[in-house]
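Here numbering that gives the first Met the number 0 is used: the first residue of the sequence shown is 0, the next is one more, and so on.
Using N, Cα and C, we set each Cβ at its ideal position, and we do this for glycine too.
Because the structure is a prediction, the values reported are computed rather than measured.
Since the structure comes first, as structure tokens, the remarks are kept for the end.
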Amino acid sequence: MLHDKKVAVVLPAYNAEKTLRQTYDEIPKDIVDDIILTDDASSDATVRLARELGIHTLRHDRNRGYGGNQKTCYQAALARGADIVIMLHPDYQYTPKLVTAMASMIASTEYDVVLASRILGKGALAGGMPLYKYVANRVLTCVENWLVGQKLSEYHTGYRAWSRDALARLPLLRCSDDFVFDNQMLVQAIGQGLKIGEISCPTKYFPEASSINLRRSVVYGLGVLRTALAFRLHRMAVVASPLFAPADHGRLSAGGPG
């Protein structure tokens, strides 16, 4: 618990057997009440290891994609009564040691969303981020900031904290099941006026860390630009987008503990 709020860490996993234990060991158990892993039909022993570690483990019977995995993670966290949810990749690319700081920012009620930014400071290139990915990150972020009217340092981190209210009110079921899910979810949060904070985060690139290839990166980049442009046109009342329409449907169920 943190300020009487239940803290959950969700781990969207795919073939994470080699890095899961190291990630799990560094999650601060003194404030984290629940750890939830959703396995997206991995071909390795991710599920077996997760259960050995005592992690609440869910498994998709088929691969549903990165976004589909997160939807299951967030739904489970809400159903199990989480007040603060931190999404952490189990590939050990991001340090779990920042969970306490990120959860504290949400618990303060000053923020609804907290992003662990690789760009604040000099951690990205120092941690081995490929130069083309760094340049693409900066260019996409600049364009997105202009289109959506924000001043974030990056939109593409895979390490995020959310309040329960934020997760319950965003129409996440309308978002993609692919990698652009993260970006669509964040732009939805901007559209709903949620308070977004950032914290500097070191990152590590190594063979076992998950990463999309150049072709998927290009597809992702185009999806990011489409999302930001759709938001701008929707806000200008030029072209309505279902992603940003009033959230009367498409929300996850915010049921009680289960």
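Minimum Cα-Cα distance from Gln183 among the listed residues Leu242, Gly192, Val237 corresponds to Leu242. Collapsing the DSSP output to three states places Glu197 in a strand. Residues of the same chain with a CB within less than 8 angstroms of the CB of Arg168, apart from the 5 flanking positions on each side, are Gln191, Ala246, Arg250 in chain order.
Under the 8 angstroms Cβ criterion, the segment 17-27 counts as touching the segment 48-57, having at least three qualifying pairs. Two segments are said to touch when three or more pairs of C-beta atoms, one from each, lie closer than 8 angstroms; by this definition the segment 103-116 touches the segment 159-167.
Following the DSSP letters along the chain, one finds Met184 inside the alpha helix (DSSP H) bounded by residues 180-190.
In this model, Gly122 and Asp43 are separated by some 30 angstroms (Cα to Cα).
With a contact defined as Cβ atoms closer than 8 angstroms, Arg79 and Asp33 qualify at about 6 angstroms. Per DSSP, the continuous beta strand (DSSP E) segment holding Leu36 begins and ends at 33-38. Judged by their CB atoms, Gln92 and Lys4 are not nearer to each other than the 8 angstroms cut-off. In the DSSP assignment, Val8 falls within the unbroken beta strand (DSSP E) covering 6-12. Short of 8 angstroms from the beta carbon of Leu228, and not among the five residues preceding or following it, lie these beta carbons of its own chain, in chain order: Leu146. By the Cβ-count criterion, Arg163 is buried, with 16 or more other Cβ atoms from all chains shown falling within 10 Å of its own Cβ.
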